[in-house]
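In my numbering, the protein residues as written are 2 to 262. Each residue gets a CB set at the ideal place from its N, CA and C atoms; glycine is no exception. Just below is one structure, and these are the notes that go with it.
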């Protein structure tokens with residue numbers, strides 16, 4: 002059986018971790034290095050940093066934070082936001098990232114996925130897709146931090162990203178982001194069933210059962226969690242225990258800080 006991953010997402014702005022609802026209403030929730038090491042100690046399988054403002058200045062800040070965090074972590078680190086070229090991917094990897102997430106840049110220039118995969122391997126390339134259902138019930142891809150709709154349909158775009166070299170899909174429901182009402186199982190299942198690479202469900206986690214549903218009902222390979230951890234409503238360890246109780250295979254108990262799990 003596949004081991005399911007629990008990934009903690011840290012949205013970074015101005016060198017701090019922030020969190021909002023539906024991509025707006027951001028509030029400060031802490032220091033990224035301190036939160037990353039805490040979540041690793043709790044049993045997180047991976048950490049994802051997303052620079053949600055993505056200007057050149059913010060990207061430099063994120064790389065500095067990533068560098069400092071990578072020195073402390075023993076689990077994989079993914080960073081994204083403002084990554085536009087294969088050279089940007091190289092800079093992120095040099096800063097200590099294990100994987101790099103591309104979103105808006107991939108939509109405007111799909112060849113960047115191929116260029117990055119050719120240089121660094123598909124396992125380093127994550128296609129991040131922000132999806133939102135329109136009035137016709139079609140899930141469209143949005144870019145620029147969920148501010149701009151594109152003509153792309155989410156499932157077809159996910160398939161193209163994989164064809165161009167992406168080794169993983171990070172699928173976020175804009176409608177569910179921060180709402181804590183559960184992942185959007187319909188679009189998650191549609192994408193997971195349409196591609197042959199791991200799909201990470203993102204947007205909407207409000208309870209451990211939501212993580213179980215994303216895997217069992219929507220066929221996600223991994224689940225991404227943020228707000229309920231930042232607000233102290235649960236822990237990675239507690240989430241994983243519920244997943245185990247539901248019959249899912251997850252990695253073992255958390256380690257002490259500074260010790261690899």
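With contacts defined as CB atoms closer than 8 angstroms, residue 9 and residue 48 qualify as a contacting pair. At a cut-off of 3 residues, the continuous stretches assigned as beta strand (DSSP E) that sit fully inside the region 26 to 78 are 47 to 52. Here the C-alpha atom of residue 105 lies approximately 25 angstroms from the C-alpha atom of residue 220. With contacts defined as CB atoms closer than 8 angstroms, residue 168 and residue 196 fail to qualify as a contacting pair. Rounded to whole angstroms, residue 103 and residue 246 show a C-alpha spacing of 34 angstroms. The alpha helix (DSSP H) runs lying completely inside the region 97 to 175 and spanning 4 residues or more are 105 to 109, 112 to 121 and 155 to 164, given in chain order.
By the neighbour-count definition (other C-beta atoms within 10 Å, threshold 16), residue 4 is an exposed residue. Under a 10 Å Cβ-count criterion, residue 43 is classified as buried, with 16 or more other Cβ atoms of the shown protein chains found around its own Cβ. A distance below 8 angstroms separates the beta carbons of residue 192 and residue 156. CA-to-CA, the gap between residue 177 and residue 183 works out to about 7 angstroms. Within the same chain, Cβ atoms closer than 6 angstroms to the Cβ of residue 31 are found at 18, the five residues on either side in sequence being excluded. Straight-line spacing of the CA atoms in residue 7 and residue 100 works out to 16 angstroms. For residue 13, no alpha helix (DSSP H) run applies; the uninterrupted beta strand (DSSP E) run containing it begins and ends at 4 to 14, by DSSP.
A residue is called buried once 16 or more other Cβ atoms fall within 10 Å of its Cβ, and residue 152, having fewer, is exposed. Rounded to whole angstroms, the separation of the alpha carbons of residue 161 and residue 190 is 17 angstroms.
Per DSSP, reduced to three states, the secondary structure at residue 92 is helical. Residue 40 sits close to residue 237, with the two beta carbons spaced by under 8 angstroms.
The distance from the Cβ of residue 34 to that of residue 66 is about 7 angstroms, consistent with a contact at the 8 angstroms cut-off. Secondary structure note for residue 225: it is in no alpha helix (DSSP H), and the uninterrupted beta strand (DSSP E) holding it is 223 to 226. Taking a 10 Å sphere around the C-beta of residue 250, we find fewer than 16 other C-beta atoms and assign the residue as exposed. No Cβ-Cβ contact shorter than 8 angstroms links residue 36 with residue 82.
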